[in-house]
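Asker:
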Amino acid sequence: MRTTVRRLLVSALLIPLLGLGGGLATPALAAGAAGDTAGAARALSPADDPNADIKDRLAAIPGVTITEEKPTTTGHRFFVATYTQPIDHFRPWLGTFQQRFTLLHRGYDRPTVFYTNGYTLGTNPSRTEPTRLVDGNQVSIEYRFFTPSRPEPADWTKAGIRQQAADSHRLVTALKRIYEQEWLSTGASKGGMSSTYYRRFYPDDMAGTVAYVAPNNTDVDDYAAYSEFFRTVGTPECRARLSAAQRELLVRRDRLEARYVADNKAAGSTFTTLGTPDRAYEAGVLDTVWAFWQYSLEADCAKVPVAATATDDELYAWFDAQSGITGNSDQSLAKYTAYYYQAATELGQPYFDVSNLNGLLHYDYKELYSSRSYVAKDINVPAFNPYAMRDIDRWVKHDAERIMYVYGGNDPWGAKPFRLGRGSDDSYVYTVPGGNHGSNIGKLPAAQSAEATAKVLEWAGLGDQDAARSLAKTPQLLPAFGPLDVEGQKLEQERRPL
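Sequence positions in the sequence shown follow mature numbering (1 follows the signal peptide of the UniProt record, and there is no 0) and run -30 to -1, 1 to 468.
1. Quick check: what's the CA-CA separation for Val259 versus Arg223?
2. If we count Cβ pairs, one from each stretch, closer than 8 Å, do we get three or more for the region 111 to 129 versus the region 196 to 207?
3. I'd like the list of long-range same chain contacts for Leu219, defined as Cβ closer than 8 Å, with 5 residues on each side in sequence excluded.
4. Need the endpoints of the alpha helix (DSSP H) that Val142 sits in, please.
5. Should Leu414 go down as buried or exposed, given a rule of 16 or more other Cβ atoms within 10 Å for buried?
6. Got a sec? Which residues, its chain only, sit under 6 Å from Thr188 by beta carbon, not counting five neighbours each side?
7. How is the alpha helix (DSSP H) around Trp288 delimited, first residue to last?
8. Report yes or no: do the region 236 to 248 and the region 263 to 283 share at least 3 C-beta pairs separated by less than 8 Å?
9. Could you tell me whether any Cβ in chain D is nearer than 7 Å to the Cβ of Ser239?
10. Could you give the first and the last residue of the continuous beta strand (DSSP E) run that contains Leu303?
11. Helix, strand or coil: which one does DSSP assign to Glu38?
12. Would you be able to state if there are at least three C-beta pairs under 8 Å between the region 159 to 166 and the region 178 to 188?
13. Measuring straight from C-alpha to C-alpha, what distance separates Val117 and Thr90?
14. Taking DSSP's pairing of strands, which residues face Asp192 in a bridge?
15. Let me know if Glu207 comes out buried or exposed under the rule of 16 or more other beta-carbons within 10 Å of its beta-carbon.
16. Between the C-alpha atoms of Val231 and Arg217, what's the straight-line distance to the nearest angstrom?
17. Determine the closest residue to Leu212 out of Lys235, Asn234, Ala250 and Val276, with distance taken between C-alpha atoms.
18. Within its chain, find whatever has a CB closer than 6 Å to the CB of Tyr375; leave out the 5 residues flanking it on each side and keep chain order.
19. Taking Cβ positions, are Leu154 and Ala430 nearer each other than 7 Å?
20. Among Pro247, Glu421, Asp137 and Lys367, which one has its Cα closest to the Cα of Leu390?
21. Do Gly433 and Val402 come within 7 Å of each other at the CB atom, strictly closer than that value?
22. Taking just the CA atoms, how far does Lys146 sit from Ala22?
23. Assign Ser343 to one of three DSSP states: helix, strand, or coil.
24. Assuming contact is defined by CB atoms lying nearer than 7 Å, are Pro20 and Tyr78 in contact in what I supplied?
25. Given that a residue counts as buried once 16 or more other Cβ atoms are within 10 Å of its Cβ, and exposed if not, what is residue 471?
26. Counting Cβ pairs, one atom from each stretch, are 3 or more of them under 8 Å apart for the region 51 to 58 and the region 27 to 36?
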C-alpha cells in the first residue's frame, strides 16, 4: 500500500508538468514551482471567476474541450465535453486520450453529483435520482475504453478499476475549481461498482455515494449465490413457466434457429467473436431467464409463453424481447468489449445452475458463457486477477464511509451484493421488495425511502429547511434516468451486461 501511495504521489506531480491539465498538484506546489507571477495569473483565470459565464469557466479548465452545448427548457445549462486523460495514470508519459463527460449546470451554490457511468455515456440532458433529490449540478463521465473515450491503438491492460478511479479523481479535482459545494457520487449497475471503486482509492473526494444495483463478484466463478437466487426468486409457478419456455426454445431449435440465422443475415450480422450462429443462439437462450428477472417484474410472468401451447411466433418474439435477435452478433458485442474484458480480468462474472437444460445444450456451458468468449479474438485477455474485487470488498467492510447501496429484491445482480462490516461507517444497504435492475430510493417502502432521502440530503450539506426548499423548487420537466441512463439502458437491453 505504501508503494502504491508513493506512485500516486509521483504521478500527481508529473501530470501537471506534462501539460495534461487538471493536475493533482496543490496550488501551493504550483506556486512554489512557478513563482508568484504564475499564482497571480491563475487567480485571474475565468475558471476561478464566480461572475463568469459557466461556459467560459468550464472552457478555461486546462484539458477541457467543450464539444457541444445542448438546450434545455428547465433553466439548466448542459454541455458535452472531453477531458485530456493519461492512458496510464501511473506512467503518464505514455500518452493521452480524450475522455467524454457531460455537465448539467444548476448553480454554483448547489451541491454537485458525480455520475460514474459504467458504459458509453448518453449525451442528452437528464438527471440521476440523487441529482433530483438535491437539486444539484451533475457531472457524468464515460467509462474509459468505451467509444469514443478510447485511445487508438487501445492498450487493453489500461482498461481496469484503478485507471478509471484515477480518471474520476482527476476530472473531479479539476472541476472543484468551479463547484465548491459538497459533492456526491452515484452510479448504477457497473456504474455503481465504479462509484465504489472510486471511493475506495480516493475516499475523501466525495461527501457520500449512492450506488444502485451494484454486484460484488469476488470470484471469477460466482456459482453458488446465483444458483440459489434462481432456485428461490419469485413463485414456483413463475420459475417453472420461465424454465419451460427456455427449454422449448432449444426443443424447437431447428425451426427457430433457422429464423434467427435468416434475421441476422438480413441485419448484416456476423459471428466471428462467438464463432457460429449456433453458439450465438444457444448463448441467447441461456440469457432469457436472467434477462427476464433483470428487466421485468413477477407480474410479467403472465406474459411468458406457455411452452406446451405457444406458437413458434410467440416463442420467437419472447426470445427477441429477452435476449435480442442480434444481441450476440459481432456488431452488438463490439459495444461491450471493455466490459467483457474487465469481467474476464477483474470483475468476475456469474454462473448458475442450468441442469434444467440437460440434454439440449450443444456446448460446454461455462466455456460458452465465459466473458472471454465475448471478447474479439484479436484482443489478448490476461489471466483473471483474483485480488482486485476482494480488495474492494474488504475496503467496504472495514473502511467505507457514507456509502449507500440500493438493490432490487428480484434482480439477479443483487445475488452477490456489497455487504457492510464493522468498519463501515454511516453506510447503508436497502432492498426494494420485488424490485428489478431499475430499483432506486423512490421505489423503497415509504419509511425507508424517506430515511434514505434524508441521508442523501445530509451528505449533500443541505439542512432540513434548505432541503425542503430544494425539493419544492426542483424542476420536474427534465427527464430522469434512475438509475440507468437512457443510452446505457438501451445498450444493456441488447444483452446481459451489468
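Note that beta-carbon positions come from the ideal geometry of N, C-alpha and C, so glycine has one too.
Answerer: Per the coordinate set shown:
1. 17 Å
2. no
3. Leu226, Val255, Thr258, Leu285 and Phe289
4. Ile131 to Leu145
5. buried
6. Met359, Arg360 and Asp363
7. Asp282 to Ser293
8. no
9. Structure shown: chain D not included; a single protein chain is present.
10. Counting along the chain, Leu303 falls outside any beta strand (DSSP E), though it belongs to the alpha helix (DSSP H) covering Asp300 to Leu303.
11. strand
12. yes
13. For the sequence presented, residue 117 should be read as Thr rather than Val. Looking at the two C-alpha atoms, the distance is approximately 7 Å.
14. Pro320
15. exposed
16. 19 Å
17. Val276
18. Ala181, Phe388 and Val399
19. yes
20. Lys367
21. no
22. 15 Å
23. helix
24. yes
25. Residue 471 lies beyond the range of the chain shown here (-30 to 468); nothing can be said about it.
26. yes
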